[in-house]
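In what follows, a single structure is set out as structure tokens and then discussed.
In this note's numbering, the protein residues as written are 1 to 79.
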């Protein structure tokens, strides 16, 4: 998703949530709909930006950045 947004927007110096904030809130970079002069169009754009930002923040593989002995990486089978 990060790579796709970078390609579409041409913004390569930002990544993840910072990228979303930079490009999805700027009407001239990525346009989702043609109703940006109306509240509903602006609300849709803002909502999609928040969803995309949330995806990066929630699912960015935090476990992959922890040491192998970190408690988040320990999985025990249920008994």
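C-beta: ideal position from N, C-alpha, C; glycine also.
Classified as buried, residue 5 has 16 or more neighbouring CB atoms from the shown chains inside 10 Å of its CB. Across the structure, residue 57 and residue 18 are spaced so that their CA atoms are roughly 10 Å apart. CA-CA distance, residue 37 to residue 24, rounds to 16 Å.
A distance below 8 Å between beta-carbons, with the five flanking residues on each side excluded, links residue 78 to no residue of its chain.
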